[in-house]
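K.L.:
Input: one structure, supplied below.
Protein chains: 2
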Amino acid sequence: MKRSTTQRRAPFPTLEPAEPPKQLSALETPTPVVDLDRLAHNLDRMASYCTLHGLALRPHVKTHKSPRIAADQIRLGAVGLTCATPRELEVMGDVSHDLLLAYPLVGAAKLARVMYIPHQVKLTVALDSSAALGQLAAASKVSQREVDVYVEVDLGMHRVGVQSPTDAVALAKQILQHPPLNYAGIAFYPGHVREHVKDQDANVERLRGDLGVYIAELDSAGVHPRVVSGGSTPTAWRMHEVPGVTEVRPGTYVYNDRTTAELGACGWEDCALTVLATVVSRAVPGQAVIDAGSKALGREPMRGVAGEGFGVVLDHPDVVVARMSEEHGILDLSTSDWNPQVGDQVRIIPNHVCVVVHLNDVIYGVRDSIVETSWVVAARGRTETEAAIES
Amino acid sequence: MKRSTTQRRAPFPTLEPAEPPKQLSALETPTPVVDLDRLAHNLDRMASYCTLHGLALRPHVKTHKSPRIAADQIRLGAVGLTCATPRELEVMGDVSHDLLLAYPLVGAAKLARVMYIPHQVKLTVALDSSAALGQLAAASKVSQREVDVYVEVDLGMHRVGVQSPTDAVALAKQILQHPPLNYAGIAFYPGHVREHVKDQDANVERLRGDLGVYIAELDSAGVHPRVVSGGSTPTAWRMHEVPGVTEVRPGTYVYNDRTTAELGACGWEDCALTVLATVVSRAVPGQAVIDAGSKALGREPMRGVAGEGFGVVLDHPDVVVARMSEEHGILDLSTSDWNPQVGDQVRIIPNHVCVVVHLNDVIYGVRDSIVETSWVVAARGRTETEAAIES
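In the order they appear, the protein sequences are chains G and P. Here the first sequence is numbered in our numbering, starting from 889 and rising by one per residue. Here the second sequence is numbered in our numbering, starting from 889 and rising by one per residue.
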């Protein structure tokens, strides 16, 4: 794939000239590092796909939690952003005035907080129950705030979502009875369609059928879904084959990870984020211990595709992080000729990058072995710690 | 067990009188909440055990990462604190001037940062290689800083640690050649001795034997270990039965968790930290979805003891968090009569509390259903985000 280089400088200004470039080897470990060229390429690729197929791109910020990358996504044509938490909404309100909370908004504290998002931000919320609708209707009425609502439908993930077109119609009609709420459409999350992209055909076919039934029943009941929102990263590339889909919400594509690569939804050369770690012990035969454990890598298994361990070593794909403690990662060297020494740095491609980002406050941007920039994971966590009742 | 209540108010001042007590139900979820009475009891119990048996208590702060709880530990008699990261050292230097980094200190950036810890703090580092020793020796010489060193020995965990008494003797003698480093003793981590406390007898017996050999060989080689440091939470209560042990480093005991309870190393009534969550969907039959997923609970399995899922519901111990996404936890209700509704709050006892704390910035302290206080997880993360090269 040809890589776009023309646009990459604007969103990632390099350090002030007075600050000399820092070598990767000078960074304290463990820390996530992002290859800036790969990131720029990933952003371009998804934006281009969506433009080509006329799909609205509303990327999920859960993967990067960074206003800087979100601003890039908007600049490249995203119609708005998808969030999962109030914190993500608060941070991303500075970047986009069109935010979707793709999560049932339940609970007085959370509702109150979300209603405080500045009113120039157009809010959309996805939900799947009368109970959640009732809470949202009351809050929006009190705060005199229009909120668009998607009915969440379950197309096979069995996590959230109404269970039938009949239920979807009923909930859509309920929404219409609660101005200032607006019924805007439906949302689904095809996270269960994780099989290797080459084997997805049957699942995509089933999705076409199931979604078609929902849309037809909603249409005939007079509650046409203006927006049909779906698409995780592995499935996003197939969404132009699913009639009716108007919007996709991929998150992982900005960085990608071992799962995405093994699924075939990206190449290994598209994995933009690695965890830089240092070998701290070789005392036990057959293994090397690195300073990235579950508190740096997350204890995430591979999903929808085979793969042992919790991450793979960049440049040594035969070596995985076989075991972890909180701050120790154990590289299994039993089947490798590689012989890393105490003090050597290694880079790990994690199984699930969204969890790695959530574990870290700062990300470094690199090109080759030069650290060009860094950014804060501003929407990590639940709240600004200053806001707590510190006694 | 009788609970101490006399000391609990000093370390946890309640809110200013002007601030009315807040109900637990008013908290935004997901959030960790700590039962203050249980916490006080747990702190007392370990301190009393160590006092009774003449063991120096050097608690590991990785579990709470909070200077406030560390100050309590010191007040109750801890000789100092154990840390795993430079950030933990930096934060805890305000609380204690006797800190152990129970982790190989490798890499120029990390060494430089640790050498900047104020010199009034007595630093001890555990290590298991000549390479790590060489780096530490060079750094301590440059910064003219005395550092005590423990030789880390592997007594069966097979994670880090020299592999034989001969290697321990050799490394101890190397330390002696590198003033201002001081050889102070040995450290081991009996994390592999996780079996149910009733079944630990054989493991404790083996530990007595193995440790005895190490101490004897070190003694006869003229490198007597002044300190013999060991003891995780599940095994701490047996350390008085292991001759030679002078110091224990339990961490988890402050909060305990499902694993600790299932192991029998604490009672269920000693689990001080739960994750407060809200039911956000009941759409899919047989399950309830809560707003605590892997980004709030951590995807930690049970260790050394059977147990499905990622946490158990307080008051409904037959219900576990069976599956998770990043922000969704799926409660399996298939074998329960409990019928929670959208909007209901639940409290989850997590499998592994240390990882939960690391995922959160703020902890709320509660008594019954009243929120009395909160504190920041100040040593969470790797660095103050302000310190990053923000462009």
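Glycine is no exception: its CB is placed at the ideal position from the N, C-alpha and C atoms. What you are looking at is a predicted structure, and each value in this text was computed from that prediction instead of being measured.
In chain G, what lies closer than 7 angstroms to Pro955 (chain P) by C-beta?
P.N.:
In chain order: nothing, as chain G lies at least about 12 angstroms away.
K.L.:
Relative to the C-alpha of Gly1097 (chain G), which residue among G:Leu1043, G:Trp1125 and G:Ala1124 is closest?
P.N.:
For the residues G:Leu1043, G:Trp1125 and G:Ala1124, the minimum Cα distance to Gly1097 (chain G) belongs to G:Leu1043.
K.L.:
Please report whether the beta-carbon of Asp960 (chain G) lies at a distance below 8 angstroms from any beta-carbon of chain P.
P.N.:
No, Asp960 (chain G) does not count as interfacial toward chain P.
K.L.:
Just to confirm my understanding: we take Pro1113 (chain P), look at its own chain, exclude 5 residues before and 5 after, and list those with CB closer than 7 angstroms. What are they?
P.N.:
Result list for Pro1113 (chain P): Gly1073, Ile1074, Ile1103 and Leu1106, in chain order.
K.L.:
Buried or exposed for Ser1222 (chain P), going by 16 or more other Cβ atoms inside 10 Å?
P.N.:
Ser1222 (chain P) is exposed by the Cβ-count criterion.
K.L.:
Can you tell me where the beta strand (DSSP E) holding Pro1053 (chain G) begins and where it ends?
P.N.:
Looking at the DSSP string, Pro1053 (chain G) is not in any beta strand (DSSP E); the run it does join, the alpha helix (DSSP H), is Pro1053 to Leu1064.
K.L.:
Suppose only complete runs of 4+ residues qualify. What are the alpha helix (DSSP H) ranges in the segment 936-961 of chain G, listed by chain order?
P.N.:
Correct list: empty.
K.L.:
Name the chain G residues that come within less than 8 angstroms of Thr939 (chain P), Cβ to Cβ?
P.N.:
Near Thr939 (chain P) there are no residues of chain G at all, since even the closest Cβ is about 28 angstroms away, more than 8 angstroms.
K.L.:
Hey, would you say Leu987 (chain G) sits closer than 8 angstroms to Gly968 (chain G), going by beta carbons?
P.N.:
It is a contact, given that the beta carbons lie within the stated cut-off.
K.L.:
So, is the C-beta of Ala1025 (chain P) closer than 8 angstroms to a C-beta in chain G?
P.N.:
It does not: the Cβ of Ala1025 (chain P) has no partner Cβ on chain G nearer than 8 angstroms.
K.L.:
I need the straight-line Cα distance from Asn1144 (chain G) to Ala958 (chain G), nearest angstrom please.
P.N.:
Roughly 16 angstroms between the two C-alpha positions.
K.L.:
Excluding the 5 residues flanking Ala906 (chain P) on each side, which residues of the same chain have their C-beta closer than 6 angstroms to its C-beta?
P.N.:
Because the pLDDT at Ala906 (chain P) is just 44, under 50, the model does not fix this residue reliably, and the point stays unresolved.
K.L.:
Taking Cβ positions only, does Glu1034 (chain G) come closer than 8 angstroms to chain P?
P.N.:
Taking Cβ atoms only, chain P never reaches closer than 8 angstroms to Glu1034 (chain G), which makes this a no.
K.L.:
Can you give me the C-alpha to C-alpha distance between Gln1023 (chain P) and His1204 (chain P), rounded to a whole angstrom?
P.N.:
The alpha-carbon atoms of Gln1023 (chain P) and His1204 (chain P) are separated by roughly 52 angstroms.
K.L.:
Return yes when the Cβ of Gly1139 (chain P) is within less than 8 angstroms of the Cβ of Thr951 (chain P), no when it is not.
P.N.:
A contact, by the Cβ cut-off of 8 angstroms.
K.L.:
Taking the alpha helix (DSSP H) that Ile1103 (chain P) falls in, what are its first and last residues?
P.N.:
Its alpha helix (DSSP H) spans residues Asp1089 to Ser1108.
K.L.:
Val1172 (chain P) and Gln1051 (chain G) look like a contact to me (Cβ under 8 angstroms); what is the Cβ gap, rounded to whole Å?
P.N.:
Yes, they are in contact, since the Cβ atoms of Val1172 (chain P) and Gln1051 (chain G) sit about 7 angstroms apart, within 8 angstroms.
K.L.:
Given a limit of 9 angstroms on CB to CB distance, which residues of the segment 1224-1237 of chain P reach chain G?
P.N.:
Cβ contacts with chain G come from Gln1229, Val1230, Gly1231 and Gln1233.
K.L.:
Is it the case that the segment 1202-1221 of chain G contacts the segment 1250-1266 of chain G, given that we only count it when at least three CB pairs across the two stretches are under 8 angstroms?
P.N.:
Result no; under three Cβ-Cβ pairs closer than 8 angstroms.
K.L.:
Beta carbon of Leu915 (chain P), beta carbon of Leu1164 (chain P): below 8 angstroms?
P.N.:
Yes, these two residues count as a Cβ contact at 8 angstroms.
K.L.:
By the criterion of Cβ-Cβ separation under 7 angstroms, what are the contact partners of Thr1166 (chain G) in chain P?
P.N.:
Here the neighbours are Val994 and Gly995.
K.L.:
Quick one: which residues of the segment 1039-1050 of chain P get their C-beta closer than 7 angstroms to a C-beta of chain G? List them in chain order.
P.N.:
Within the segment 1039-1050 of chain P, the qualifying residues are Asp1042, His1046, Arg1047, Val1048, Gly1049 and Val1050.
K.L.:
Verify the CB distance criterion: does Thr970 (chain G) have a CB-CB separation below 8 angstroms to chain P?
P.N.:
No, no contact with chain P.
K.L.:
Of all the beta strand (DSSP E) runs that stay within the bounds of the segment 991-1051 of chain G, which reach a length of 3 or more residues?
P.N.:
Runs of the beta strand (DSSP E) inside the segment 991-1051 of chain G: 1010-1015 and 1035-1040.
K.L.:
Please check if any C-beta of chain G sits within less than 8 angstroms of the C-beta of Ser1169 (chain P).
P.N.:
Yes, contact with chain G.
K.L.:
Ala1266 (chain G) and Lys998 (chain G) look like a contact to me (Cβ under 8 angstroms); what is the Cβ gap, rounded to whole Å?
P.N.:
The Cβ separation is near 19 angstroms, so there is no contact.
K.L.:
Among the candidates G:Met1045, G:Glu1260 and G:Val1130, whose CA atom is the shortest distance from the CA of Arg1211 (chain P)?
P.N.:
Cα-wise, what sits closest to Arg1211 (chain P) is G:Met1045.
K.L.:
Ignore the nearest five residues each way along the sequence and tell me which others in Gly1132 (chain P)'s own chain have a CB closer than 6 angstroms to its CB.
P.N.:
Closer than 6 angstroms at Cβ, skipping near neighbours: Leu1099, Ile1103 and Val1116.
K.L.:
Closer than 9 angstroms by beta-carbon distance: list the chain G residues that pair up with Arg1001 (chain P), in chain order.
P.N.:
Per Cβ cutoff of 9 angstroms: Glu916.
K.L.:
Closer than 8 angstroms by C-beta to Ser1262 (chain P): which residues in its own chain qualify, once you throw out the five before and the five after it? Chain order, please.
P.N.:
Hits under 8 angstroms: Val1250, Ile1251, Tyr1252 and Gly1253.
K.L.:
Taking 8 angstroms as the threshold (C-beta atoms), are Arg1126 (chain P) and Ile1237 (chain P) in contact?
P.N.:
In this structure, Arg1126 (chain P) does not lie closer than 8 angstroms to Ile1237 (chain P) by Cβ.
K.L.:
Determine the burial state of Gln1088 (chain G): buried for a count of at least 16 other Cβ atoms within 10 Å of its Cβ, exposed for fewer.
P.N.:
Buried is the call here.
K.L.:
Given this structure, state the Cα-to-Cα distance separating Tyr1038 (chain P) from His1080 (chain P), to the nearest angstrom.
P.N.:
C-alpha separation (whole angstroms): 20 angstroms.
K.L.:
Along chain P, which residues have their Cβ under 9 angstroms away from the Cβ of Thr1147 (chain G)?
P.N.:
Within 9 angstroms Cβ-Cβ: nothing; Thr1147 (chain G) doesn't reach chain P, min ~13 angstroms.
K.L.:
Is DSSP giving Asp925 (chain G) helix, strand or coil here?
P.N.:
In this structure, Asp925 (chain G) counts as helix in the three-state DSSP scheme.
K.L.:
Within 10 angstroms of the Cβ of His1240 (chain G), are there 16 or more other Cβ atoms? Answer buried if so, exposed if not.
P.N.:
Label assigned to His1240 (chain G): buried.
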